[in-house]
Amino acid sequence: MTGASEIAGEVRSGSRRARDVVEEHLARIAGRESELHAFLTVMGDEARAAADAVDRVVASGGDPGPLAGVPVALKDNMCTRGVPTTCASRILEGWRPPYDATVVTRLRAAGAIVIGKTNLDEFAMGSSTENSAFGPTRNPHDRTRVPGGSSGGSAAAVAAGLVPVGLGSDTGGSIRQPAALCGVVGVKPTYGAVSRYGLIAFASSLDQIGPLASSVGDAAALLEAIGGHDPLDSTSIDAPAPQVTGGLNDGVEGLRVGIVRELMHEIDADVVARVEIAARALEKEGASVDEVSVPAAVHGLSAYYLIAPAEASSNLARYDGVRYGLRVDGEDITEMYNETRAEGFGPEVKRRIMLGTYALSAGYYDAYYGQAQRVRTLIIRDFDAAYADHDLLLAPTAPTTAFALGAKTDNPLTMYLSDVCTIPSNLAGHPAISVPYGTGDDGLPVGVQLLAPALGEPVMFRAAAALERSLT
Amino acid sequence: MGGRITRDDVAHVARLARLRLTDDELERFTEQLGAILDHAADVAALDTTDVPPTAHPLPLRNVLRDDVVVAPLDRDEVLAQAPAVEDGRIRVPRIISEAP
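Heads up: the sequence lines are chains A and B, in that order. With this note's numbering as the guide, the letters of the first sequence map in order to residues 730 to 1201. With this note's numbering as the guide, the letters of the second sequence map in order to residues 3 to 102.
This is the structure we're talking about:
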């Protein structure tokens, strides 16, 4: 498997044509797609044309960009002008956005080739990619298992080598958890570090786009390409992209790392063991590691499953059959709304709209939504206290390795528990990275998670790179 | 907060959310939302006196852009995505009932 950095190096030097890179990856996708179902749309023609354009720039002696010729898979909740963008929902089936997401514009400006749109849980709501209206994605390590979710298509595509890198979105763990279950690197940047313009909204105060890659270095290169201020996103931080590639070899000497006590409970023993091995590896490289408490983190899951559905119920009100997507006709407009939404949304999306509408409704708003927002403040305070004497925190990414297809679909709560270790970072707006770190007792990948305070990406990537090196 | 969420509560919320639910869905959601809200009871029970709510992780206020004209989305491209169009506008079913 060639990484993004190698591909870009070869294409930039003219030793390999971007067109050949794209053809090779399209062939890999064609070879594995029927068994994995990682993609919802493969953009063969667009990718070939974009590759030819990169090759012309190289031939004319111009600069084709830092990611020249690198094929990228996009989770299908990011808008691509003229190319179907479904959110894995019937309600957006066939919709062709009239504009590109900022991340798409930036990838292209960097010379990267958008090669396809990947599968996800409908509207990014889920932890297994089984909630897709177009059928589940399978884990490349074991096709009877889920890839995690909701960015399961991008994670599986990277893990299977169909693309060197992909983008996902992470609202409660939707990049990091599938990265862990598929054995790849997954990053949730600081809230506001990557533009959300053109990312179809799920929970606006939590959503963040980030990279999935087969190495920490490739994830870093991708983050630098997509990050930085965007005037089209009013929640974008007014600063350049986090600079994370430069320090990858700087090591962890002197860093203070805390294992989050609350996130080590009710985690499978083989996963806990990998986190402890990662802690020893960081110590061996010169970091100091101790245990730290983030007490309010135990309430993260409950707070999240009030806040995220509340925001979703508001965001998804726009799917009404009027301006785009599915319309089911009715006698009057209210019937049209009711019927369109009944037919267009799948069960999990309906469940969250219902939960969120309830949490926001008269008489319950303060007890549920308001209270969850106050708990969010407590979680931020507890993180701040932990970071007063720690540079980074360490935790599992997910409580288990990849579980079997169908294992959790009957009980929403058991599925929600998959996100217990990843949710606190979203509530705080902090960055976190999942690094593949060996396997569990079943031979399937385990991810360990490094958490950092807001804009702590440079140190977080340094430590992630050190962990990666410690495995080889 | 009263007792567990009832089937009538769920039907009311479905009306607010403009979502037609089948009897089967009503039944299932009553049970499932009840279980999820039970799980959230620990949060509801926490003492958060004097703790301000966090709506958003960034301290942003009134983000403005420069007052310059930029190209809007292409009208034909936007209308091409609408389920029903008439004379350059999006067509919808009746909104207001006829006078009695």
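Note that beta-carbon positions come from the ideal geometry of N, C-alpha and C, so glycine has one too.
Best match in the options for proximity to residue i [C-alpha to C-alpha]
i: Ala930 of chain A; options: A:Ser1043, A:Glu1020 and A:Ala737; result: A:Ser1043
i: Arg819 of chain A; options: A:Gly790, A:Ala1117, A:Gly1075 and A:Ala1194; result: A:Gly1075
i: Ile736 of chain A; options: A:Glu764, A:Ala767, A:Phe768 and A:Val783; result: A:Val783
i: Val70 of chain B; options: A:Arg1003, A:Gly1085 and A:Pro960; result: A:Pro960
i: Leu1089 of chain A; options: B:Arg9, B:Val15, B:Asp10 and B:Ile7; result: B:Val15
i: Arg757 of chain A; options: A:Ser861, A:Gly811, A:Gly890 and A:Gly1073; result: A:Gly890
i: Ala1010 of chain A; options: A:Ser1031, A:Ser789 and A:Leu984; result: A:Leu984
i: Gly1167 of chain A; options: A:Gln1178, A:Ala1157 and A:His1159; result: A:Gln1178
i: Ala884 of chain A; options: A:Ser861, A:Tyr1033 and A:Gly912; result: A:Gly912
i: Asp1113 of chain A; options: A:Thr809, A:Ala1192, A:Lys1079 and A:Leu1156; result: A:Leu1156
i: Thr24 of chain B; options: A:Arg1070, A:Asp1171 and A:Thr1086; result: A:Arg1070
i: Arg1198 of chain A; options: A:Leu1180, A:Ala1183, A:Val1164 and A:Val1175; result: A:Val1164
i: Lys1079 of chain A; options: B:Pro54, B:Leu18 and B:Ile98; result: B:Leu18
i: Val892 of chain A; options: A:Gly1092, A:Thr1143, A:Thr815 and A:Arg761; result: A:Arg761
i: Thr964 of chain A; options: A:Pro1153, A:Tyr920, A:Leu941 and A:Ala1039; result: A:Tyr920
i: Asp749 of chain A; options: A:His766, A:Leu765, A:Thr770 and A:Ala779; result: A:Ala779
i: Gly895 of chain A; options: A:Gly1029, A:Ala886 and A:Gly855; result: A:Ala886
i: Asp774 of chain A; options: A:Leu952, A:Ile844, A:Glu953 and A:Ile996; result: A:Ile844
Beta-bridge partners of residue i, as assigned by DSSP
i: Asp871 of chain A; result: A:Asn868
i: Gly1185 of chain A; result: DSSP, once it has assigned bridges, lists no residue as partnering Gly1185 of chain A.
i: Glu88 of chain B; result: B:Arg91
i: Pro74 of chain B; result: Partner(s): none; Pro74 of chain B has no beta bridge.
i: Ala862 of chain A; result: Looking at the DSSP assignment, Ala862 of chain A forms no beta bridge with any residue, so it has no partner.
i: Leu1122 of chain A; result: A:Gly987 and A:Leu1180
i: Pro971 of chain A; result: Answer by DSSP bridge pairing: none, since Pro971 of chain A is not bridged.
i: Pro940 of chain A; result: A:Leu896
i: Gly1211 of chain A; result: No information on residue 1211 of chain A is available, as it lies outside the stretch 730 to 1201 that chain A covers here.
i: Ile842 of chain A; result: A:Pro800
i: Ala1133 of chain A; result: A:Arg874
Simplified DSSP assignment, three categories, for residue i
i: Ser898 of chain A; result: strand
i: Ile1152 of chain A; result: helix
i: Tyr1094 of chain A; result: coil
i: Met3 of chain B; result: Residue confidence is low: Met3 of chain B scores 47 on pLDDT, short of 50, so the model does not pin down where it sits. Its coordinate-derived value is still stated next. Met3 of chain B: coil per DSSP, three-state reduction.
i: Gly742 of chain A; result: This sequence places Ser at residue 742 of chain A; Gly is not what is there. Residue state, collapsed to three classes: helix.
i: Ile988 of chain A; result: strand
i: Thr847 of chain A; result: strand
i: Ser880 of chain A; result: coil
i: Arg96 of chain B; result: strand
i: Ser734 of chain A; result: helix
i: Ser965 of chain A; result: coil
i: Gly1167 of chain A; result: strand
i: Ala1007 of chain A; result: helix
i: Ile1162 of chain A; result: strand
i: Val696 of chain A; result: Absent from the structure is residue 696 of chain A, since the part of chain A shown begins at 730 and ends at 1201.
i: Leu1196 of chain A; result: helix
i: Leu928 of chain A; result: strand
i: Gly957 of chain A; result: coil
i: Gly890 of chain A; result: coil
i: Gly1085 of chain A; result: helix
i: Ala935 of chain A; result: This sequence places Leu at residue 935 of chain A; Ala is not what is there. Three-state result, Leu935 of chain A: coil.
i: Val65 of chain B; result: coil
i: Val1138 of chain A; result: Checking the displayed sequence, the identity of residue 1138 of chain A turns out to be Thr instead of Val. Reduced to three states, the DSSP call for Thr1138 of chain A is coil.
i: Gly855 of chain A; result: coil
i: His14 of chain B; result: helix
i: Ile1108 of chain A; result: helix
i: Asp947 of chain A; result: helix
i: Ala994 of chain A; result: The sequence shown places His at residue 994 of chain A, not Ala. If DSSP states are grouped into helix, strand and coil, His994 of chain A belongs with coil.
i: Ala1127 of chain A; result: coil
i: Glu1012 of chain A; result: helix
i: Thr1143 of chain A; result: helix
Residue-level contact to chain C via CB, residue i, 8 Å cutoff
i: Ala13 of chain B; result: Among the protein chains of the structure shown, namely A and B, there is no chain C.
Alpha helix (DSSP H) runs contained entirely in the region 1016–1079 of chain A, provided each spans 4 or more residues: With a minimum length of 4 residues, the continuous alpha helix (DSSP H) runs that stay inside the region 1016–1079 of chain A are 1029–1044 and 1062–1073.
Cβ contact check for the region 1098–1108 of chain A and the region 1008–1022 of chain A: 3 or more pairs under 8 Å: no
Contact the region 990–1002 of chain A vs the region 966–975 of chain A: 3+ CB pairs below 8 Å: no
Cβ contact check for the region 1048–1055 of chain A and the region 1122–1138 of chain A: 3 or more pairs under 8 Å: no
Complete alpha helix (DSSP H) runs within the region 19–63 of chain B (minimum length 4 residues, chain order): 25–41 and 43–47
Uninterrupted beta strand (DSSP E) stretches inside the region 761–831 of chain A (no shorter than 3 residues): 768–771 and 800–804
Meets three-Cβ-pair contact criterion under 8 Å: the region 826–834 of chain A and the region 851–869 of chain A: no
The region 1023–1043 of chain A touching the region 833–842 of chain A, judged by at least three CB pairs closer than 8 Å: no
The region 899–909 of chain A touching the region 873–884 of chain A, judged by at least three CB pairs closer than 8 Å: With the cut-off at 8 Å, the region 899–909 of chain A and the region 873–884 of chain A touch.
Length-filtered (4 minimum) alpha helix (DSSP H) runs lying within the region 898–926 of chain A: Along the region 898–926 of chain A, the alpha helix (DSSP H) occurs as fully enclosed runs of 4 or more residues at 905–911, listed in sequence order.
The region 1051–1062 of chain A contacting the region 76–95 of chain B, beta-carbon criterion three pairs below 8 Å: Two segments are said to touch when three or more pairs of C-beta atoms, one from each, lie closer than 8 Å; by this definition the region 1051–1062 of chain A touches the region 76–95 of chain B.
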